[in-house]
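Read through the structure below, which is laid out as C-alpha cells, and then see the notes.
Protein chains in written order, with my numbering: chain L, 43 to 511; chain X, 43 to 511.
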C-alpha cells in the first residue's frame, strides 16, 4: 500500500473510530459472543489477492465491535480501568506511521531520548526518588519478572554468568501476600525460584494489607533454616480490594513495589501516602495503560540502581556496537525484548494533548465517585462494603438474611450475572476470604456520577430480583 | 480528548504520515543526531495545560523525524529489514481506536479468535505442521525466553511448582552456536541455566552452520559427566550471515527454531528447505515485523504441544474466571504478559489489504536482488562475498592487497563509516571470524534493483576513496 492509498483509507478509518467512540454508550458493555462465533465468521485461509478497504471496515462493524467487551464504556466497572484515551491513540498512530526500529540508541535516538524524558516527567509527577530511572515495558507482569530476575542475580552475585540458579545451594525465597496479582506468582515460577519458596505472608483481616510481624516471622524462620530471602513484592493497590502493603526492607532483600493500578493515583499529591517509604525500595512498576489511560501496552518500571539492571540484562553483539555506546542509554539492556516500539510517543501525546491538570481532575472525580458509592452501599439495608475504599474500587456484597455460605455465593453470582448479561454495565465477581464478592472498579474515562448512580440502581434491582427468585 | 477533536487531529496526522512516507527517499538514512540532542530540545517537565495539536505535529517534523534512522528508506540495508507496511499501520490504528483489553477470552473474544485464525493462516502459508498452534508475542527475544522456560520445565518435570530450578541437582545444558542471536544467550541467562551451561557448538567454516558431529560430541560429553541436555536452539538464518543450522533431536531435548528473520521466506514454497525436519521440533519463532513487514511489534511463536506451554504459564485467579474457560483459548497462558493488545488486527489488515501473492512477489524480488549483488561483488577485483547468500543478506569485504589484519579492519570501518555518515545508504559492520565485515541486508519494502545498484556504486566509491587515503 502506497502513501496515497493509505491517506484515503486512513481518513475513512479515523472517521470510523470517531463514530465508534461516540456510539459506545449505546453498545452492550459485555461482549455477547459465544465461543467460536468470531472465528466461525472468518475464512479458513488468507486472501491471495488484495481486498478493498471497505470490506475491512465492514468486518470491524459486523465482527470485531460486537466481539469485544467495551472497556471504554462509561458503565464499564470490571477488572480495572483500561482507558485508551484518544490523545494517546494519536501518539500510537504516529508510532506506526513512523515505523521506527528501537534496537539501539543509534537505530532511533529520538525513540530512546523521548522515552527518557517522558519517563522522567512521570517520575517527577509521581514524586518517586529523583535518583531513580525508568523504562517503558509492555505490562506489569513483564516488569515484575524483570524485577525478580534482578533480585535473583543480586542475591546470587550474578549466578547467570556462572552456573545459573541451578548451581545455588541455599534456596532463595520470595515474599508477598495471597492478595498479590497472579502475575507475581507466575514471575516467581518463571524466574526459577519455585512455588515452594514463595511465602504468602499473612494479612490484616480488615485492610488486607501485609502484616509486618508476619513478614518478620517468615523471614526469621527462613533465615534460621538456611534459606536466603531474595525479594519481597509489596502490593500497593491489590487487584482484589486495592489493599496497600507497608513498605519493608530487611536482610538486603530486593523490594519491588507492584503499583500497577494505583500508580496513577500518585499523580495526586494527596495520595502519595500510598508509597510512604518508597525511597527504601529497589523497583516500582505502574501502568499508565490502566486508570491514567495511555492506550495498551504501556507499563513503567523504575529502578534505584540502573547499573545493576543493565548488568543483568545486557548483551553486546558486534552488529549492534557504535561509537557512542558509553554516552547513551541502551534500553535493550533494561528489559527482555531487543526490538522496541516507539512507545514513548503515546505517553508524550497523551500528556501534552490532555495536560496533567485535566488528568488529575479526572482521577479525583473517580475517587469521589467511589466514596459516594461506598456511602450509598453502607447506608442500604442488606448491603455491605467489604474492604476499605482507599482508591477507586468498591468491594461489596448484598447479604439477604437467612442464606448459608453456599446460598450467599449462589445469590451473588446470580445477580452479578444478571447485571453483566444485560449489557447495561459490567462488574467483576471475585473471591474474598473464600466467599464471592463483587468488585466495582470505577474509572473509565467517560464515567460520570450519573453512570455510577445508574449502576447502583442496576445492582439493587438485580439483587432484589434474585432474592425474590 | 473527545471523538470530534480526535477526528480533526486524526485527519491531520494521517496526512502528515502519508506526506512523511512519500518524502522518506529524500531523507538521510542514518540519523545524524548527537547524544542528548533530542532530549535537549524537550522541556524538563510535563505540561499542566493541554497543548494544541499543531505543536505536536511541528515537533514530529523538527525533533522526531531527524532523530530516527529511516529504516523505511529504500536504501536502508542495515541490521535486518524492519518494514512497517502502511496496510499493517492501519490495523494498528484500529487496535488503538478500539482500545480493547486482552486479559481473557471473555474480555475480548474477537481479540483471541482473530489471533487464532490469523496465526493459523500463517501456519498454513509457511507449511508448518498442521497440529502446531501459535500465538503472537512482542519479539523473538521474548519468544525464545518462553521456549527455554518451557524446555526447562519439561526437563525438570515442572520444578517451578516445587523447589524451582535451584532445587535441581544435575545441571541442565543448552546448545546453540556462536552465531546465534544475542537474545539466545540472554534467554539462557534469564531462564537460570547459567552461562557455564550454554554450549556454543562448532560450525562449518564455509556455511557457518552448526556441525551435527560437534553437537553429538558436546552432548556425549555432557551426558557422560552427568549433565542433562535440556534444549537446542537451531538458528535458521543467523544475524551475521543468515546461516542455517540443520534440525537435530537427541536425548529428548527441546528443539527451538529461531527463524526470526528467515521465517518470512517460508511463505515461498521454494524456500521451505530452510526448515527441513521441522516436524521434529518443539517450537519455532519468526517475526512478521521484519522482512514481511507487519509493523513492530509482531512475533509468532508456534509450539507442538500447547498443553505443556499452558501448564508452564497458566494462572487462574478468581477475578479472571468465567463459565467458558474450558472451551476457549486463554492467551494469557501462552506467554509472559497478562494484558495483551489486539495485535492480530495489524496482521489481519496487512494480509487482506496487500494480499499474500504481492507479499511473495516482494520477497522474491529481494532474494533476486541479493543474488544480483553477490554476483557483482564476486566479479569485482578486490571484493569478496564471505558467506553463502541463501537469503537476502550479502556479507562482503573489500580487501586491498598489502593490508595486515589491523589495516584491513581499519579500512573496512573507514569506508563503512563514509557510506553511513553520508546518509545516502545504511549498511552494518559486523565481526565474522574475528574480522570486520559488512552486512548488506536487502529487503526494505521500497528497495528496487536501482537502489541496490546505487548502493553498489556507493560502496565501490567509498572503498576506493578509503584506499586512496
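Note that CB positions come from ideal geometry on N, CA and C, so glycine has one too. Note that the structure is a prediction, hence the values are computed from the model and not measured.
Give me the residue from the options with the minimum Cα distance to residue i.
i	options	result
residue 467 of chain X	X/496, X/414, X/172	X/496
residue 102 of chain X	L/133, L/324, L/301, L/168	L/133
residue 484 of chain L	L/422, L/452, L/412, L/473	L/412
residue 163 of chain X	X/151, X/178, X/150	X/178
residue 489 of chain L	L/233, L/358, L/66, L/89	L/66
residue 501 of chain X	X/418, X/487, X/223, X/475	X/418
residue 213 of chain L	X/210, X/215, X/85	X/210
residue 256 of chain L	L/393, L/170, L/242, L/267	L/242
residue 476 of chain L	L/84, L/220, L/347, L/445	L/220
residue 156 of chain L	L/504, L/314, L/386	L/386
residue 112 of chain L	L/104, L/125, L/100	L/125
residue 305 of chain L	L/136, L/80, L/167, L/203	L/167
residue 245 of chain L	L/106, L/318, L/429, L/107	L/429
residue 458 of chain L	L/442, L/422, L/445, L/508	L/508
residue 414 of chain X	X/53, X/491, X/180, X/222	X/491
residue 369 of chain X	L/487, L/76, L/511	L/76
residue 107 of chain L	L/401, L/340, L/58, L/356	L/58
residue 171 of chain X	X/359, X/510, X/318, X/504	X/318
residue 73 of chain L	L/86, L/291, L/52, L/105	L/105
residue 301 of chain L	L/225, L/55, L/376, L/159	L/225
Taking DSSP as the reference, what is the three-state secondary structure of residue i?
i	result
residue 474 of chain X	strand
residue 479 of chain L	strand
residue 186 of chain L	helix
residue 134 of chain L	helix
residue 178 of chain L	strand
residue 344 of chain X	strand
residue 139 of chain L	helix
residue 110 of chain L	coil
residue 240 of chain X	strand
residue 82 of chain X	helix
residue 435 of chain X	strand
residue 413 of chain L	helix
residue 313 of chain L	helix
residue 38 of chain X	The question about residue 38 of chain X has no answer, for chain X in this structure spans 43 to 511.
residue 173 of chain X	coil
residue 365 of chain X	coil
residue 451 of chain X	helix
residue 200 of chain X	coil
residue 370 of chain X	coil
residue 52 of chain X	helix
Counting only the same chain and skipping the five closest in sequence on each side, list residues whose C-beta sits under 6 Å from that of residue i.
i	result
residue 345 of chain L	325, 351
residue 451 of chain X	478
residue 144 of chain L	150, 153, 382
residue 189 of chain L	298, 325
residue 295 of chain L	271, 273, 274
residue 462 of chain L	72, 468
Starting from the C-beta of residue i, find all residues in its chain whose C-beta is less than 7 Å away, skip the five residues before and the five after it, and write them out in chain order.
i	result
residue 231 of chain L	237
residue 348 of chain X	175
residue 439 of chain L	426, 428, 454, 479, 480
residue 286 of chain L	251, 278, 279, 316, 432
residue 123 of chain L	332, 333, 483, 485, 486
residue 364 of chain X	146, 148
Going by DSSP, what residues sit across from residue i in a beta bridge?
i	result
residue 215 of chain X	X/271
residue 252 of chain X	X/245
residue 326 of chain X	X/299, X/344
residue 425 of chain L	L/440
residue 286 of chain L	L/278
residue 468 of chain X	X/118
residue 144 of chain X	X/382
Given residue i, which residues of its chain have a CB within under 8 Å of its CB, disregarding the five upstream and five downstream residues?
i	result
residue 265 of chain X	271, 293
The stretch 322 to 341 of chain L touching the stretch 138 to 151 of chain L, judged by at least three CB pairs closer than 8 Å: At 8 Å Cβ cutoff, the stretches do not touch.
Does the pairing of the stretch 89 to 107 of chain L with the stretch 392 to 403 of chain X give three or more beta-carbon distances under 8 Å? The stretch 89 to 107 of chain L, when compared against the stretch 392 to 403 of chain X, does touch it at the 8 Å Cβ threshold.
Would the stretch 325 to 345 of chain L count as touching the stretch 246 to 260 of chain X if we require 3 or more Cβ pairs under 8 Å? The way I'd put it, the stretch 325 to 345 of chain L doesn't touch the stretch 246 to 260 of chain X; fewer than three beta-carbon pairs between them come closer than 8 Å.
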